[in-house]
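Residue numbers (the working numbering): 1 to 292.
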């Protein structure tokens with residue numbers, strides 16, 4: 001049995017334990033187990049949705065089971081739900097417990113007016129969009145169908161608002177040449193976060209809300225620059241000047257994809273911005289004569 005199969009079987013077993021609750025309506029599995037990208041340190045993430053939340057006594061039992069395994073509590077509110085983790089056969093299993101109605105309401109608001117900048121909403125909604133139903137297929141597939149109806153304008157705006165990268169001169173002259181590698185790395189990280197959001201927009205995917213596991217997110221996208229994951233990784237490993245050049249090349253390739261798939265977005269100003277000088281060269285007549 002592969003590690004992927006073992007974790008999937010374990011997720012099914014944990015889900016089955018909770019199915020005795022008559023108020024349970026759905027269980028959503030998210031994260032690396034769903035995407036088939038597991039290794040020796042992968043955990044299991046699932047959220048359980050109820051018609052009515054478990055009683056305080058039942059929630060206490062869930063918490064004690066988590067603590068007894070060496071796990072812990074992320075947060076608990078008897079009116080809103082519980083988030084905790086436990087260890088099963090040495091594997092960390094994160095479980096969230098909330099009402100079906102609360103997620104349905106959040107999802108409906110998101111579909112009606114999706115927020116471009118709310119990473120928490122993006123984490124939740126991308127999890128629903130890409131997650132797997134362990135129980136309550138009709139409810140979860142209904143949510144996924146609703147998310148498929150998000151207006152194209154959201155994805156266009158996601159691309160448009162994130163097409164803003166630091167000019168080459170800022171990275172090279174203000175960063176590398178001053179040996180201000182804190183600035184260089186900050187700008188590289190910001191650029192890669194924006195690149196991920198632009199790619200999500202091009203592929204009509206809700207952003208994952210975090211940069212962790214970026215390779216997993218990119219693996220499910222069809223519209224990407226060539227060798228995008230390897231190139232993004234390489235930027236962190238190259239000498240600074242080469243890293244800047246590699247990042248700019250990747251950004252330019254991304255702009256080419258925007259031209260192809262969202263031609264209504266003007267990329268010319270961003271192309272000009274990438275080559276924006278820090279200072280304009282102004283020569284007086286006297287200075288010009290000095291070169292003659």
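Virtual Cβ for every residue (Gly too), placed ideally from N, Cα, C.
Burial state of residue i (16 or more Cβ within 10 Å)
i, result
"residue 261", "exposed"
"residue 287", "With a pLDDT of 43 at residue 287, under the threshold of 50, the modelled position of that residue is not reliable, and the figure given next carries that caveat. Residue 287 should be labelled exposed."
"residue 122", "buried"
"residue 189", "exposed"
"residue 211", "exposed"
"residue 278", "exposed"
One or two residues paired with residue i in a DSSP bridge
i, result
"residue 92", "87"
"residue 97", "48, 82"
"residue 72", "85"
"residue 77", "81"
"residue 27", "48, 135"
Rounded C-alpha distance that separates residue i from residue j
i, j, result
"residue 146", "residue 110", "10 Å"
"residue 55", "residue 124", "24 Å"
"residue 198", "residue 60", "43 Å"
"residue 240", "residue 176", "6 Å"
"residue 135", "residue 143", "14 Å"
"residue 289", "residue 276", "Low confidence applies to residue 289: its pLDDT is 42, below 50, so where it sits in the model is not reliable, and the reading given next is rough at best. Going by the C-alpha atoms only, they are around 27 Å apart."
"residue 10", "residue 18", "13 Å"
"residue 245", "residue 168", "8 Å"
"residue 114", "residue 195", "19 Å"
"residue 85", "residue 27", "16 Å"
"residue 269", "residue 234", "27 Å"
"residue 271", "residue 94", "43 Å"
"residue 265", "residue 250", "18 Å"
"residue 53", "residue 104", "15 Å"
Cβ neighbours of residue i in the same chain (closer than 8 Å, five flanking residues each side left out)
i, result
"residue 50", "21, 23, 24, 25, 97, 98, 99, 100"
"residue 181", "175, 240"
Residues near residue i in its chain [Cβ-Cβ closer than 6 Å; skip 5 each side]
i, result
"residue 204", "155"
"residue 32", "38, 42"
"residue 183", "175"
"residue 62", "none"
"residue 126", "206, 208"
"residue 6", "none"
"residue 130", "none"
"residue 284", "In this predicted model, residue 284 has a pLDDT of only 44, less than 50, meaning its place in the structure is not dependable; the value taken from the coordinates is given anyway. Nothing meets the Cβ criterion."
Minimum Cβ-Cβ distance from residue i to chain B less than 9 Å
i, result
"residue 72", "Among the protein chains of the structure shown there is no chain B, as only one such chain exists."
Residue ranges of each beta strand (DSSP E) within the segment 117 to 146, 3 or longer: 132 to 135
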